[in-house]
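Colleague: Under the working numbering, read the sequence shown as residues 3 to 692, first letter to last.
Virtual Cβ for every residue (Gly too), placed ideally from N, Cα, C.
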Amino acid sequence: MEQSALRNVAPPRHRHRFFAYVAVVVAVAALLLVGSFVHELRDGIRLDAAFWVFAGLAVIADTPPFVQGARDENIQTFPSVCFTFAMLIAYGCAPAVAVQLVAVVVAAVWLKHTFWRAAFNAAQYMLSFLAAGMLLPHGPRGDAHALLDAGGIGWVLAAAVTWFVVNNLLVSTALWLRFGGRWWAVFSRAVRNDALPNGALLLSAPGLVAAAHVDALLVPLALLSLFAVRRMTKLAAQRARAGRLDPLTGLANRKALEREVAARLQEHAERAEGGAAERRLALLLLDLDAFKQVNDALGHWVGDRLLVEVGERLTAAARASGADNLVGRLGGDEFAVVVPHLRDVADARRCAAEIMSALGEPVLLDGLPIDVGASVGVAVYPEHGADFAELMRHADVAMYDAKGRGDNLAVYAPESDHNTPERLSLLADLRKALESGPEGGIELYYQPQVELATGTVVGVEALLRWRHPQRGPIDPEELIRVAEHSPVMRLLTLRVIDEAIGRLAAWRDTAPAAEGVRVAVNVSVRDLHTGEIADRIAARLAQMSVDASRLELEITESALMADPRRVLTTLARLKKLGVAIALDDFGTGYSSMLHLRRLPLAEVKIDRSFVLGVATDPDDAAIVRSMIDLARALGLRVVAEGVEDERTWRMLVEAGCDVAQGWYFARPMPPDRLLDWLSKTAARPVITTK
Numbered sequence: 003m004e005q006s007a008l009r010n011v012a013p014p015r016h017r018h019r020f021f022a023y024v025a026v027v028v029a030v031a032a033l034l035l036v037g038s039f040v041h042e043l044r045d046g047i048r049l050d051a052a053f054w055v056f057a058g059l060a061v062i063a064d065t066p067p068f069v070q071g072a073r074d075e076n077i078q079t080f081p082s083v084c085f086t087f088a089m090l091i092a093y094g095c096a097p098a099v100a101v102q103l104v105a106v107v108v109a110a111v112w113l114k115h116t117f118w119r120a121a122f123n124a125a126q127y128m129l130s131f132l133a134a135g136m137l138l139p140h141g142p143r144g145d146a147h148a149l150l151d152a153g154g155i156g157w158v159l160a161a162a163v164t165w166f167v168v169n170n171l172l173v174s175t176a177l178w179l180r181f182g183g184r185w186w187a188v189f190s191r192a193v194r195n196d197a198l199p200n201g202a203l204l205l206s207a208p209g210l211v212a213a214a215h216v217d218a219l220l221v222p223l224a225l226l227s228l229f230a231v232r233r234m235t236k237l238a239a240q241r242a243r244a245g246r247l248d249p250l251t252g253l254a255n256r257k258a259l260e261r262e263v264a265a266r267l268q269e270h271a272e273r274a275e276g277g278a279a280e281r282r283l284a285l286l287l288l289d290l291d292a293f294k295q296v297n298d299a300l301g302h303w304v305g306d307r308l309l310v311e312v313g314e315r316l317t318a319a320a321r322a323s324g325a326d327n328l329v330g331r332l333g334g335d336e337f338a339v340v341v342p343h344l345r346d347v348a349d350a351r352r353c354a355a356e357i358m359s360a361l362g363e364p365v366l367l368d369g370l371p372i373d374v375g376a377s378v379g380v381a382v383y384p385e386h387g388a389d390f391a392e393l394m395r396h397a398d399v400a401m402y403d404a405k406g407r408g409d410n411l412a413v414y415a416p417e418s419d420h421n422t423p424e425r426l427s428l429l430a431d432l433r434k435a436l437e438s439g440p441e442g443g444i445e446l447y448y449q450p451q452v453e454l455a456t457g458t459v460v461g462v463e464a465l466l467r468w469r470h471p472q473r474g475p476i477d478p479e480e481l482i483r484v485a486e487h488s489p490v491m492r493l494l495t496l497r498v499i500d501e502a503i504g505r506l507a508a509w510r511d512t513a514p515a516a517e518g519v520r521v522a523v524n525v526s527v528r529d530l531h532t533g534e535i536a537d538r539i540a541a542r543l544a545q546m547s548v549d550a551s552r553l554e555l556e557i558t559e560s561a562l563m564a565d566p567r568r569v570l571t572t573l574a575r576l577k578k579l580g581v582a583i584a585l586d587d588f589g590t591g592y593s594s595m596l597h598l599r600r601l602p603l604a605e606v607k608i609d610r611s612f613v614l615g616v617a618t619d620p621d622d623a624a625i626v627r628s629m630i631d632l633a634r635a636l637g638l639r640v641v642a643e644g645v646e647d648e649r650t651w652r653m654l655v656e657a658g659c660d661v662a663q664g665w666y667f668a669r670p671m672p673p674d675r676l677l678d679w680l681s682k683t684a685a686r687p688v689i690t691t692k
């Protein structure tokens, strides 16, 4: 619903204040008008043929009024003003207002205004004419000679300015009470929009009075000027509309979408305040898949035709789903759809799926069928945002979430958003903590890894911990989610590498209980895309005189899938250094036999999601046994994560697992407690199977 339509609806917000203002304006105008009529009737009013010409033209001139701007602005200018202001100059306030009231009634019927809006429009004109009439020189009405001298023209100009200011003060205050915002901003915008059209109409009135003094039949010639003004206004409106359309597809552009969402959100809010059932609005952000390949293979001309066809299909599907839906193009191969009047988030998802189905069939261009894939992200008001900018950002997050999951549709989920204000703040604090050294609260805890055949601790996994100065301990998974998509991840990895190697060097000299224990460190996808991590490890190992075999790097299967060529290059360098490589979370990703065979792996770690069910779920037990058999056949060491009870431990021993870690053995602990644990904890008994 555009703002012009909202102006015709009673506002739920500040209803009493708004209608009190309307009532006061109407009452004051009526009282002053009665006084003006009494005064002018007492002095006598002389009406001639020119008056009736003015009156007739004023009534028919507003059918329809001029409309400026685009659909959602819909600024209306009433041409009757030039004739009624001329009547004010020539015949006085009462005749001018009487004719203007008739013109307002005709325009109200034409535009289907409500009674209160028509009454307010009539009152605003009454007060404007009454204020302007107070500045006009007194004397015989219809005396054009008095008007044409320099002094008279000055008073006419002053009256025109007074009319313009009073009219805009009254209207701006009503709009401010109706739509909110800052009063001065509303008034300034009204003056800017109204200055040219109404200024031209008011200043043309003296010429009409002079023409009527010569011959009343000259007055209708003013319609030619009004036609020219109307034509120019129409062209300006067309240019304004064109400024909100995408030039290629003819769809709404970003600016038009933003205005549409703002108007729809206001409509939704007012419906809720009025006691209507709460409704949702969805913003769908759609991005074509592999569009660049179409441009590269077939040329930009074909790509443009494809975009036009996609826009037409989306528009047809959106209108079939709801008459009020609006499709727009944001640029490139990105489209957006505004879907109002939804019941809930599930309804938004259903509607998005229906619209997406329009792209299910190939697009036929010059006899060549082109499959158009796309990913769409959905953000819903008010759950996912309160304005266009927030909804757009969250729809963008959902769209990239869909692409990342290989899906074609996703609804915004906060956990997929790596750039919320809270996370950005946390990321800034993390960078500060990393740059401040040990005082930043970042440290490594270590969880022992026990060899099942001997009960000996053969390694520890370094686990990141951070105590935020205000928020306290930060969940490690949240910490990684915040950092992994930013340059801070590099700083974090280098910090962990330095501390782990430094800890190995310290244990070598002061902790016999840790002799021979290797330290496993997790690294991210970003860390493996360059050779920096290999350079850093080589330099630190040499600097600290630490044996490379004491360090192990754990990588995930997703790291391998991201960019296998660059990852393999980095892993080959690390293997050459003597650093062991472990495949973490084995079984949860996309590993193939090819990956396991070609990678320089020393170890695979079975994900805890399988290990936790070994003792209770036959399927998990079968999967774990298969993983162990596969790894051992390839000559890889097997580590089971998440061992929390003796029964699980025994079943892993029976299955032939090499190493295990979990709360059954020990929880992660800081370095000093680890050394105490290593020195005080006796080796577990060896379990043999027959």
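(1) Inspect the CB distances between the region 662-671 and the region 435-450 and report whether three or more fall short of 8 Å.
(2) Looking only at C-alpha atoms, which of Glu656, Val61, Ala134 and Asp306 sits nearest to alanine 455?
(3) Please state if the CB of histidine 270 and the CB of tyrosine 383 are separated by a distance shorter than 8 Å.
(4) Could you tell me the alpha carbon to alpha carbon distance between proline 371 and proline 364, rounded to whole angstroms?
(5) When the distance is taken between beta carbons, is threonine 558 closer than 8 Å to aspartate 529?
(6) Verify the CB distance criterion: does aspartate 647 have a CB-CB separation below 8 Å to chain B?
(7) Label proline 509 either buried or exposed according to how many other C-beta atoms from any shown protein chain fall within 10 Å of its C-beta, with 16 as the threshold for buried.
(8) Looking at the structure shown, is aspartate 647 part of a helix, part of a strand, or coil, going by DSSP?
(9) Can you give the beta carbon distance from phenylalanine 85 to phenylalanine 56, rounded, assuming they're within the 8 Å contact cut?
(10) Alpha carbon to alpha carbon, how far is glycine 144 from glutamine 268?
(11) Given this structure, state the Cα-to-Cα distance separating glycine 252 from tryptophan 185, to the nearest angstrom.
(12) Please confirm if the region 394-414 is in contact with the region 630-646, defined as three or more CB-CB distances below 8 Å between the two stretches.
(13) Can you tell me whether proline 489 is buried or exposed? The criterion is at least 16 other CB atoms within 10 Å of its CB, across all chains shown.
(14) Please classify threonine 512 as buried or exposed, where buried requires at least 16 neighbouring CB atoms within 10 angstroms.
(15) What are the residues that DSSP puts in a beta bridge with tryptophan 468?
(16) Mapping DSSP to helix, strand and coil, what is lysine 607?
(17) What is the DSSP secondary structure of histidine 396, reduced to helix, strand or coil?
(18) Can you look up phenylalanine 337 in the DSSP assignment and give me helix, strand or coil?
(19) Cutting at 6 Å between CB atoms, please list the residues of its own chain near glycine 658, excluding the five before and the five after it.
(20) Quick check: what's the CA-CA separation for alanine 214 versus alanine 105?
(21) Arginine 352 and valine 380 - do their beta-carbons sit closer together than 8 Å?
(22) Whose C-beta lies closer than 7 Å to the C-beta of methionine 671 among residues of the same chain, with five residues either side of it excluded?
(23) Assign aspartate 529 to one of three DSSP states: helix, strand, or coil.
(24) With three or more beta-carbon pairs closer than 8 Å as the criterion, would you say the region 613-623 touches the region 430-441?
(25) Below 6 Å CB to CB, which residues in the same chain sit around alanine 161 once its five sequence neighbours on both sides are set aside?
(26) If distances are taken between C-alpha atoms only, which option among Asp419, Ser377 and Gly182 comes closest to histidine 396?
(27) Restricting to runs no shorter than 4 residues, where is the alpha helix (DSSP H) found entirely within the region 51-120?
(28) Can you list, in chain order, the residues of its chain with a C-beta nearer than 6 Å to that of valine 193? Leave out the 5 residues immediately preceding and following it.
(29) Since serine 377 is in the beta strand (DSSP E), which residue starts that stretch and which ends it?
(30) Go ahead and pull the three-state DSSP assignment for valine 163.
(31) So leucine 203 is in the alpha helix (DSSP H); what residue range does that whole segment cover?
(32) Quick check: the Cα distance between leucine 496 and valine 521, rounded to an integer number of angstroms?
(33) Verify whether the separation of the beta carbon atoms of valine 459 and valine 519 is less than 8 Å.
(34) Taking the CB atoms as reference points, tell me whether aspartate 500 and arginine 552 lie closer together than 8 Å.
(35) Look at the Cβ atom of leucine 366, then the Cβ atom of phenylalanine 337, and state whether they are nearer than 8 Å.
(36) Check whether the Cβ atoms of proline 602 and leucine 555 sit closer than 8 Å, and answer yes or no.
Modeller: From the atom records:
(1) Yes, the region 662-671 touches the region 435-450.
(2) Numbered from 1 along the sequence shown, position 453 holds the residue referred to as residue 455. Cα-wise, what sits closest to alanine 455 is Glu656.
(3) The residue given as residue 383 occupies position 381 in the sequence shown. The residue given as residue 270 occupies position 268 in the sequence shown. Yes, these two residues count as a Cβ contact at 8 Å.
(4) In the sequence shown, the residue the question calls residue 371 occupies position 369. In the sequence shown, the residue the question calls residue 364 occupies position 362. It is roughly 5 Å from the alpha-carbon of proline 371 to the alpha-carbon of proline 364.
(5) Position 527 of the sequence shown, counted from the start, is the residue given in the question as residue 529. Position 556 of the sequence shown, counted from the start, is the residue given in the question as residue 558. Cβ distance not < 8 Å, so aspartate 529 and threonine 558 don't count as in contact.
(6) Checking the listed chains, one finds no chain B in this structure; it contains a single protein chain.
(7) Within the sequence shown, residue 509 is the residue found at index 507, counting from 1. The residue you asked about is not proline; residue 509 is tryptophan in the sequence shown. Tryptophan 509 is buried by the Cβ-count criterion.
(8) One-based indexing of the sequence shown puts residue 647 at position 645. Coil, per DSSP.
(9) Your numbering for residue 85 matches position 83 in the sequence shown. Your numbering for residue 56 matches position 54 in the sequence shown. Right, their Cβ atoms sit about 5 Å apart.
(10) Residue numbering aside, residue 144 sits at position 142 when the sequence shown is read from its first letter. Residue numbering aside, residue 268 sits at position 266 when the sequence shown is read from its first letter. Note that glycine 144 scores 44 on pLDDT, short of 50, meaning its location in the model is unreliable; the coordinates nonetheless yield the value given after this. In this structure, the straight-line span from the alpha carbon of glycine 144 to that of glutamine 268 is close to 49 Å.
(11) Here residue 252 is taken as the residue at index 250 of the sequence shown, counted from 1. Here residue 185 is taken as the residue at index 183 of the sequence shown, counted from 1. Their Cα atoms are separated by approximately 35 Å.
(12) With a cut-off of 8 Å on Cβ pairs, the region 394-414 is not in contact with the region 630-646, counting fewer than three such pairs.
(13) Position 487 of the sequence shown, counted from the start, is the residue given in the question as residue 489. It is exposed - the Cβ of proline 489 has fewer than 16 other Cβ atoms within 10 Å.
(14) Counting from 1 along the sequence shown, the entry for residue 512 is found at position 510. By the neighbour-count rule (16 or more Cβ atoms within 10 Å), threonine 512 is not buried but exposed.
(15) The sequence position of residue 468 within the sequence shown is 466, counting from 1. In the DSSP output, where bridge partners are listed per residue, tryptophan 468 has Ile444 and Ile476.
(16) Here residue 607 refers to the residue found at position 605 of the sequence shown. DSSP places lysine 607 in strand when its eight states are reduced to three.
(17) Taking the first residue of the sequence shown as 1, we reach residue 396 at position 394. Histidine 396 falls in the helix class under three-state DSSP.
(18) Here residue 337 corresponds to residue number 335 of the sequence shown, with the count starting at 1. In the structure shown, phenylalanine 337 sits in a strand (DSSP, three-state: E or B).
(19) Here residue 658 refers to the residue found at position 656 of the sequence shown. Listed in chain order, the non-local C-beta contacts of glycine 658 below 6 Å within the same chain comprise Ile630, local neighbours out to five positions each way being set aside.
(20) Residue mapping note: residue 214 aligns to position 212 of the sequence shown, counting from 1. Residue mapping note: residue 105 aligns to position 103 of the sequence shown, counting from 1. Going by the C-alpha atoms only, they are around 20 Å apart.
(21) Residue 380 sits at position 378 when you count from the first residue of the sequence shown. Residue 352 sits at position 350 when you count from the first residue of the sequence shown. For valine 380 and arginine 352, no; Cβs fall outside 8 Å.
(22) Numbered from 1 along the sequence shown, position 669 holds the residue referred to as residue 671. So the qualifying residues of the chain are Tyr447, Tyr448 and Trp679.
(23) Counted from its first residue, the sequence shown places residue 529 at position 527. If DSSP states are grouped into helix, strand and coil, aspartate 529 belongs with the helices.
(24) The way I'd put it, the region 613-623 doesn't touch the region 430-441; fewer than three beta-carbon pairs between them come closer than 8 Å.
(25) Mapped onto the sequence shown, residue 161 falls at position 159. Spatial neighbours of alanine 161 in its own chain (CB-CB distance under 6 Å, excluding positions within 5 residues in sequence) are listed in chain order as Ala134, Leu137 and Leu138.
(26) Sequence index remark: in the sequence shown, residue 396 carries index 394 (1-based). Closest option to histidine 396, Cα to Cα, is Asp419.
(27) Listed in chain order, they are 51-63, 82-93 and 95-113.
(28) To locate residue 193, count along the sequence shown from 1; it is residue 191. If we look at valine 193 and ignore the five residues flanking it on each side, its Cβ neighbours are Asn170.
(29) Taking the sequence shown and counting its residues from 1, one reaches residue 377 at position 375. Following the DSSP letters along the chain, one finds serine 377 inside the beta strand (DSSP E) bounded by residues 375-383.
(30) Taking the first residue of the sequence shown as position 1, residue 163 is located at position 161. Valine 163 falls in the helix class under three-state DSSP.
(31) Locating residue 203 in the sequence shown gives position 201, counting from the first residue. For leucine 203, the enclosing alpha helix (DSSP H) starts and ends at 185-216.
(32) Here the question's residue 496 lines up with position 494 in the sequence shown. Here the question's residue 521 lines up with position 519 in the sequence shown. As the crow flies, the alpha-carbon of leucine 496 is around 15 Å from that of valine 521.
(33) Numbered from its first residue, the sequence shown carries residue 459 at position 457. Numbered from its first residue, the sequence shown carries residue 519 at position 517. Yes.
(34) Taking the first residue of the sequence shown as position 1, residue 500 is located at position 498. Taking the first residue of the sequence shown as position 1, residue 552 is located at position 550. No, Cβ-Cβ distance for aspartate 500 and arginine 552 is not below 8 Å.
(35) Your numbering for residue 366 matches position 364 in the sequence shown. Your numbering for residue 337 matches position 335 in the sequence shown. Taking 8 Å as the Cβ cut-off, leucine 366 and phenylalanine 337 do not qualify as a contacting pair.
(36) The sequence position of residue 602 within the sequence shown is 600, counting from 1. The sequence position of residue 555 within the sequence shown is 553, counting from 1. Not in contact: proline 602 and leucine 555 (Cβ atoms no closer than 8 Å).
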